[in-house]
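First to last, the protein sequences are chains A and B.
First residue of the first sequence: 12, per my numbering; consecutive thereafter.
First residue of the second sequence: 12, per my numbering; consecutive thereafter.
Glycine included, every Cβ here is placed at the ideal spot set by N, Cα and C.
Since we're looking at a predicted model, the values are computed, not measured.
There are 2 protein chains.
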Amino acid sequence: MDADGLPADELFCYLTGRRNEDIPYTHILSSMCTIPHPVAVKAHNQFMDTNLGDPGLFPGTASLEDHLIRWCADLFQAPGAGGCTTSGGTESNIQVLRFTKSVNGIKKPNIIVPASAHFSFEKACGMMDIEMRIAPLDDQYRMDHEAAAGLIDRNTCCIVAVAGTTEYGMTDPVPALGKIAGQEGIHLHVDAAFGGFVLPFIDDAPAFDFSIPEVGSISVDPHKMGMSTIPSGVLMVRDDHCFNNLLVETPYLTTKQAYSLTGTRPGASVAGAYAVMAHLGKKGMKAMVTGCMENTRRLIEGMEAFGISRRVTPDVNVATFEHVEVPKPWVVSYTRNQDLRIVCMPHVTRDCIESFLVDFGESYVPHTD
Amino acid sequence: MDADGLPADELFCYLTGRRNEDIPYTHILSSMCTIPHPVAVKAHNQFMDTNLGDPGLFPGTASLEDHLIRWCADLFQAPGAGGCTTSGGTESNIQVLRFTKSVNGIKKPNIIVPASAHFSFEKACGMMDIEMRIAPLDDQYRMDHEAAAGLIDRNTCCIVAVAGTTEYGMTDPVPALGKIAGQEGIHLHVDAAFGGFVLPFIDDAPAFDFSIPEVGSISVDPHKMGMSTIPSGVLMVRDDHCFNNLLVETPYLTTKQAYSLTGTRPGASVAGAYAVMAHLGKKGMKAMVTGCMENTRRLIEGMEAFGISRRVTPDVNVATFEHVEVPKPWVVSYTRNQDLRIVCMPHVTRDCIESFLVDFGESYVPHTD
Numbered sequence: 012m013d014a015d016g017l018p019a020d021e022l023f024c025y026l027t028g029r030r031n032e033d034i035p036y037t038h039i040l041s042s043m044c045t046i047p048h049p050v051a052v053k054a055h056n057q058f059m060d061t062n063l064g065d066p067g068l069f070p071g072t073a074s075l076e077d078h079l080i081r082w083c084a085d086l087f088q089a090p091g092a093g094g095c096t097t098s099g100g101t102e103s104n105i106q107v108l109r110f111t112k113s114v115n116g117i118k119k120p121n122i123i124v125p126a127s128a129h130f131s132f133e134k135a136c137g138m139m140d141i142e143m144r145i146a147p148l149d150d151q152y153r154m155d156h157e158a159a160a161g162l163i164d165r166n167t168c169c170i171v172a173v174a175g176t177t178e179y180g181m182t183d184p185v186p187a188l189g190k191i192a193g194q195e196g197i198h199l200h201v202d203a204a205f206g207g208f209v210l211p212f213i214d215d216a217p218a219f220d221f222s223i224p225e226v227g228s229i230s231v232d233p234h235k236m237g238m239s240t241i242p243s244g245v246l247m248v249r250d251d252h253c254f255n256n257l258l259v260e261t262p263y264l265t266t267k268q269a270y271s272l273t274g275t276r277p278g279a280s281v282a283g284a285y286a287v288m289a290h291l292g293k294k295g296m297k298a299m300v301t302g303c304m305e306n307t308r309r310l311i312e313g314m315e316a317f318g319i320s321r322r323v324t325p326d327v328n329v330a331t332f333e334h335v336e337v338p339k340p341w342v343v344s345y346t347r348n349q350d351l352r353i354v355c356m357p358h359v360t361r362d363c364i365e366s367f368l369v370d371f372g373e374s375y376v377p378h379t380d
Numbered sequence: 012m013d014a015d016g017l018p019a020d021e022l023f024c025y026l027t028g029r030r031n032e033d034i035p036y037t038h039i040l041s042s043m044c045t046i047p048h049p050v051a052v053k054a055h056n057q058f059m060d061t062n063l064g065d066p067g068l069f070p071g072t073a074s075l076e077d078h079l080i081r082w083c084a085d086l087f088q089a090p091g092a093g094g095c096t097t098s099g100g101t102e103s104n105i106q107v108l109r110f111t112k113s114v115n116g117i118k119k120p121n122i123i124v125p126a127s128a129h130f131s132f133e134k135a136c137g138m139m140d141i142e143m144r145i146a147p148l149d150d151q152y153r154m155d156h157e158a159a160a161g162l163i164d165r166n167t168c169c170i171v172a173v174a175g176t177t178e179y180g181m182t183d184p185v186p187a188l189g190k191i192a193g194q195e196g197i198h199l200h201v202d203a204a205f206g207g208f209v210l211p212f213i214d215d216a217p218a219f220d221f222s223i224p225e226v227g228s229i230s231v232d233p234h235k236m237g238m239s240t241i242p243s244g245v246l247m248v249r250d251d252h253c254f255n256n257l258l259v260e261t262p263y264l265t266t267k268q269a270y271s272l273t274g275t276r277p278g279a280s281v282a283g284a285y286a287v288m289a290h291l292g293k294k295g296m297k298a299m300v301t302g303c304m305e306n307t308r309r310l311i312e313g314m315e316a317f318g319i320s321r322r323v324t325p326d327v328n329v330a331t332f333e334h335v336e337v338p339k340p341w342v343v344s345y346t347r348n349q350d351l352r353i354v355c356m357p358h359v360t361r362d363c364i365e366s367f368l369v370d371f372g373e374s375y376v377p378h379t380d
């Protein structure tokens, strides 16, 4: 920091320069974030200075959070479910481990996760001294539920299933895992950070939500397929008594206890998430998701026409292929197995897919061996 | 969520109604948040869709984070210090406990915190199975460093000092705690979430930063006295090797490892924090802090003129008094000891203080016993 400040015009000239160094979303095919919907940005601005860490000061903002939770309860088929907003999937998953670990009074807790689980579980388990037991995947990149059952012991406090995996866009066999969790009396958490705003809008999608009686909690991120502003996560719980043993006293705030992990937290992105869901409604969300799934199918067909085979037919809008390089300036990503991975977010339009396929076709040289 | 969406004009009419139910900052005297500076809001919008969880996509935004860290290193008098941005003080404190706990290889770790420590330490310790040992305060509401020394044993992995306590605005005796930490080889963390952007701009302020050789880390929140947008925290460490044992593999992102606690995280509020510091410079920050401190003194004098005595003369812009009720619509808070507490944030202007004193004087009935 210099002694003298920079005039606003010079500051924003500089900031524009830095912003232009970022890769534009027009060529980002690797991210589960997207350009937020204009109503999310407008609502974010309207609530920019609100702090839901002290909700008694912001009862209007807090009422939007309540609506959002009720909508997610309805969407996930348990109108009586409880929930809270978070900064995203990592915090949601940490919160689940906090309450499952403390409920059971287990001395050396462990959890079962699929090999496809997001790396946030490694962080959370390391931090909380929880052993992470990794269940292998089947040939469709879904958690092998029989192998998962074999990993359970009396210290297992949680089974994690993923709905819309980060790498392959698959959904674990939640009904089968539910049976196992129910028999053993173990909490079943569904990490639907990505799929939670996709699967409810697809006909004949795999079951993953509270309609499966043993599902105890579901996380979903509005800043992914909810087209909202960062940071925005939602953690839903079938029984909100879960949260009771997370409560700490919060002196000098307008509420006397809180169970959230963070203290000060933005109302702005909660308003953003509310705005998108209110504005699009279920029909608008379905139309958005339908478009992303159609683009995903078109991409897979287009790549297969070049002889690049899909790894799997995904449950959500994540397409994966055998390893192949793509031309600049397109930004793709590769899975731990080095498979090509492309996420067909809302900013990845049909035109964008067609441009990518043209560029890919011009640069691709098939193996001749 | 309804089947049909709400048109944008109806949506924003509804949102305006909810926003108007929030208490306006004009009457909030209880919060450590404030109205963000206009340059923070403008920069936040310019970087709204950036995700620093995947910094390779956003190198321009990431460069602002680097600048912010360098400025904080300079401000806290250790130009070679490392650091990272976080969602706020709670996450910063959790990160410190993550690396201090894992560095020492202690089986049953404990930390020493002052009785004035923020409630986030209770959450973090509960989650991470760390025993929290509470050192009492002296008559000036500062940590009793001799009592703290008496709580140390071979399982102590961290001593926490606070610079600008949430309740009384005091700064713990960091130099004395530094000597103790140095003798025992224990990490000393300074929670300067509030005071970190106040004390450097006050002449003759108590020492709290890296100029004390034993201070290992300092947290500060731009969304408090940095006048930036929520969520915005910074964690500074004297030696950034601290972060090494927090690293996890991050497949399918543009970077291969990350040590942050959260995954997706906003670049927008980092740009906001950068913008305020760039635009105000050290002189502008000092002018802002000087105004807040003058208003704090005026408030204390005004209340004492009514016979309401201060609890302590604060190091930062937090004023506390014997318990007394205040008239509506002013929103104040009370400490755990039921003392009246008023935070003189930048939105609490001199006019605001004078209006409050007039309203208070009209409603106050002195005890006659």
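Using a Cβ-Cβ cut-off of 7 Å, residue 47 of chain B is close to 59 and 60 of chain A, given in chain order. In this structure, the beta-carbon distance from residue 242 of chain A to residue 98 of chain A falls below 8 Å. In this structure, the alpha-carbon of residue 84 of chain A lies about 14 Å from that of residue 223 of chain A. Residue 300 of chain B carries a helical assignment under DSSP once its states are collapsed to helix, strand and coil.
Cβ contact annotation for residue 141 of chain B (same chain, cutoff 8 Å, sequence separation greater than five): 108, 112, 120, 121, 122, 135 and 168, in chain order. Secondary structure at residue 27 of chain A: helix, using DSSP grouped into helix, strand and coil.
Per DSSP, the beta bridge partners of residue 229 of chain A are A:201 and A:247. Boundaries around residue 189 of chain B are those of the alpha helix (DSSP H), 185–195, since no beta strand (DSSP E) includes it.
Contact annotation: in the stretch 225–236 of chain B, residues whose CB is within less than 7 Å of a CB in chain A are 234.
Between the C-alpha atoms of residue 344 of chain B and residue 47 of chain B there is a straight-line separation of about 21 Å. Within a 10 Å sphere around the beta-carbon of residue 252 of chain B sit fewer than 16 other beta-carbons, which makes this residue exposed. The beta-carbon separation of residue 361 of chain B and residue 331 of chain B, rounded to 20 Å, does not stay under the 8 Å limit for a contact.
Burial check for residue 320 of chain B: the Cβ neighbour count within 10 Å stays below 16, so the residue is exposed. Taking 7 Å as the Cβ-Cβ cut-off, the stretch 62–95 of chain A approaches chain B at 62, 65, 68, 69, 70, 71, 72, 74, 75, 82, 85 and 86, given in chain order.
Counting only Cβ-Cβ distances below 9 Å, residue 127 of chain A has no contacts in chain B at all, with the closest Cβ about 11 Å away.
Where residue 49 of chain B is concerned, the enclosing alpha helix (DSSP H) starts and stops at 49–57. The shortest CA-to-CA distance from residue 172 of chain B to any of B:76, B:303, B:104 and B:58 is the one to B:104. Taking 8 Å as the cut-off, the beta carbon of residue 219 of chain A is found no closer than this to the beta carbon of residue 227 of chain A.
At a Cβ-Cβ threshold of 8 Å, residue 271 of chain B and residue 240 of chain B do not count as neighbours. Look at the stretch 155–179 of chain B: the residues with a C-beta under 8 Å from a C-beta of chain A are 177 and 178. For the stretch 132–157 of chain B, residues whose beta-carbon sits nearer than 7 Å to a beta-carbon of chain A comprise 133, 134, 138, 139 and 140. At a cut-off of 8 Å between beta-carbon atoms, residue 290 of chain B makes contact with chain A. In the DSSP assignment, residue 132 of chain B falls within the unbroken alpha helix (DSSP H) covering 131–139.
Remark: three or more beta-carbon pairs, one from each stretch, lie closer than 8 Å, so the stretch 313–328 of chain A and the stretch 178–198 of chain A are flagged as touching.
Taking 8 Å as the CB threshold, residue 50 of chain B lines the interface with chain A. Proximity to residue 238 of chain A across B:59, B:31, B:25 and B:150 peaks at B:59, based on C-alpha coordinates. Contact annotation: the stretch 210–217 of chain A does not touch the stretch 29–36 of chain A, with fewer than three C-beta pairs closer than 8 Å. Classified as buried, residue 289 of chain A has 16 or more neighbouring CB atoms from the shown chains inside 10 Å of its CB. Interface annotation, residue 205 of chain A: not in contact with chain B, CB-CB separation never under 8 Å. Annotation: the continuous beta strand (DSSP E) that includes residue 167 of chain B extends over 167–173.
Around the CB of residue 258 of chain A, fewer than 16 other CB atoms lie within 10 Å, so the residue is classed as exposed. Here residue 277 of chain B carries a strand assignment [DSSP, helix/strand/coil].
Of the residues assessed, residue 184 of chain B falls on the buried side of the cut-off, its CB having 16 or more other CB atoms within 10 angstroms.
As summarised for the stretch 53–121 of chain B, the continuous alpha helix (DSSP H) elements at least 4 residues long and confined to that stretch are 70–86 and 100–115, given in chain order. Annotation: residue 221 of chain A to residue 87 of chain A spans about 6 Å, alpha carbon to alpha carbon. A Cβ-Cβ contact shorter than 8 Å links residue 54 of chain A with residue 283 of chain A.
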